[in-house]
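Counted the way this note's numbering counts, the sequence shown spans residues 1 to 282.
For every residue, glycine included, the Cβ atom is placed at its ideal position computed from N, Cα and C.
Since we're looking at a predicted model, the values are computed, not measured.
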Amino acid sequence: MTATQDFVDHRELLFSIAYDMLGSVADTEDVLQETWLAWTARDREVDNPRAYLVRIAVNQALARRAEIGRRRETYVGQWLPEPLVTPVTSDPAERRDTASMALLVVLETLSPLERAVFVLHEVFAYPLIEIADMVGRTPDAVRQVAHRARSHVHARRPRYRPDPRTRQAVTERFLEAAIGGDVEELLRVLAPDVTLWTDGGGKGPATSPEPIHGRDAVARVLVSVAAGVAGFDVGYRIVGGDPAIVIFDGEAPVAVLVLTFDGPAVNGVYSITNPDKLSGAR
Numbered sequence: 001m002t003a004t005q006d007f008v009d010h011r012e013l014l015f016s017i018a019y020d021m022l023g024s025v026a027d028t029e030d031v032l033q034e035t036w037l038a039w040t041a042r043d044r045e046v047d048n049p050r051a052y053l054v055r056i057a058v059n060q061a062l063a064r065r066a067e068i069g070r071r072r073e074t075y076v077g078q079w080l081p082e083p084l085v086t087p088v089t090s091d092p093a094e095r096r097d098t099a100s101m102a103l104l105v106v107l108e109t110l111s112p113l114e115r116a117v118f119v120l121h122e123v124f125a126y127p128l129i130e131i132a133d134m135v136g137r138t139p140d141a142v143r144q145v146a147h148r149a150r151s152h153v154h155a156r157r158p159r160y161r162p163d164p165r166t167r168q169a170v171t172e173r174f175l176e177a178a179i180g181g182d183v184e185e186l187l188r189v190l191a192p193d194v195t196l197w198t199d200g201g202g203k204g205p206a207t208s209p210e211p212i213h214g215r216d217a218v219a220r221v222l223v224s225v226a227a228g229v230a231g232f233d234v235g236y237r238i239v240g241g242d243p244a245i246v247i248f249d250g251e252a253p254v255a256v257l258v259l260t261f262d263g264p265a266v267n268g269v270y271s272i273t274n275p276d277k278l279s280g281a282r
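The following block contains the structure:
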């Protein structure tokens with residue numbers, strides 16, 4: 001098999017791992033480019049191309065976290081991961097295997113190494129001993145990192161996630177209530193502790209520089225915002241396994257709303273309006 005074919009065969013996996021470590025499509029593509037260059041520049045044959053490529057990509061992503069952190073310091077308002085938008089489909093095999101929006105937001109609170117270990121072990125099921133070799137740490141050190149990361153993330157996970165059909169039905173009720181200005185119905189759909197995050201990046205509309213908490217406050221904001229896009233086209237999509245709503249002005253996407261659930265109620269609304277993060281929202 002040629003070097004090019006080896007890379008192509010594993011590109012989807014490399015993209016998913018790097019994206020879950022970074023939350024940015026542009027940075028992930030840069031990591032894949034660096035991985036490709038390192039792969040083609042190697043001076044020896046490789047018995048296990050998959051392991052070799054993943055190791056390069058993981059370390060390239062770890063190196064890029066510092067640059068992302070510097071950019072984040074000057075980012076305007078709340079920062080959310082760039083949504084990977086896919087069509088609504090009944091076949092899970094057709095969807096890219098990436099973490100949910102809610103998980104990606106929690107992963108932002110981990111150190112780069114904790115995030116890498118969590119993604120590799122918990123999302124992609126790599127054994128800790130293999131991860132230790134990838135990141136240049138001892139197995140004992142990686143086990144400690146994995147324990148810290150797992151404890152931190154699991155404490156923030158929802159208690160119960162309903163099946164996809166229920167999530168889609170609630171998403172449709174959510175949208176109809178918001179666009180129709182039906183606050184009472186919206187209150188029935190939202191969890192009492194729901195939180196609204198908005199990311200405009202200083203380039204798109206954002207309701208608040210800080211998250212908005214609580215069912216009443218979130219419902220009022222959503223109804224107000226929905227009134228301003230009443231004539232726009234709307235499409236249902238999937239982002240990280242969760243239902244999402246894409247709002248279009250003509251053919252141009254102007255917002256992506258990702259909903260997360262705790263039981264049958266919406267406990268998180270992630271609104272991305274930064275145009276730099278919407279190029280893939282079709």
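Item	Value
Sub-7 angstroms separation of proline 275 and glycine 204 beta-carbons	yes
8 angstroms contact criterion, which threonine 273 and alanine 255 should meet: CB distance rounded	5 angstroms
Contact set for leucine 278: own chain, Cβ-Cβ below 6 angstroms, skip 5 residues either direction	Pro253
Pick from Thr40, Asp6 and Pro83 that is closest to alanine 26, judged by C-alpha positions	Pro83
Extent of the continuous beta strand (DSSP E) run through phenylalanine 261	252-262
Enclosing alpha helix (DSSP H) for arginine 237 [first to last residue]	Note, arginine 237: premise wrong, no alpha helix (DSSP H); beta strand (DSSP E) at 233-239.
Where the beta strand (DSSP E) containing asparagine 267 begins and where it ends	265-272
Beta-bridge pairing of leucine 196 - partner residues as DSSP gives them	Ile212 and Val269
Distance, alanine 63 Cα to valine 266 Cα	36 angstroms
Straight-line gap, alanine 191 to aspartate 47 (C-alpha atoms, nearest Å)	51 angstroms
Selected residue, minimal CA-CA separation from valine 85, among Leu257, Val269 and Asp182	Leu257
Euclidean distance between Cα positions of alanine 7 and tryptophan 36	The sequence as given places phenylalanine at residue 7; alanine does not occur at that position. Each residue's Cα considered, the two are about 7 angstroms apart.
Contact belief for isoleucine 179 with threonine 195 at Cβ below 8 angstroms, rounded distance in angstroms	At roughly 21 angstroms, the Cβ-Cβ gap does not stay under 8 angstroms, so isoleucine 179 and threonine 195 are not in contact.
Extent of the continuous beta strand (DSSP E) to which alanine 155 belongs	Note, alanine 155: premise wrong, no beta strand (DSSP E); not H, not E.
Paired residues, beta bridge with aspartate 249 - DSSP	Ala252
Nearest-angstrom Cβ-Cβ length linking alanine 219 and glycine 77, presumed shorter than 8 angstroms	Their Cβ separation, rounded to whole angstroms, is 21 angstroms, which puts alanine 219 and glycine 77 out of contact at 8 angstroms.
Check whether proline 311 and leucine 104 have beta carbons under 7 angstroms apart	This structure gives no information on residue 311, because the portion of the chain shown stretches from 1 to 282.
Backbone CA spacing between methionine 101 and alanine 3 [nearest angstrom]	33 angstroms
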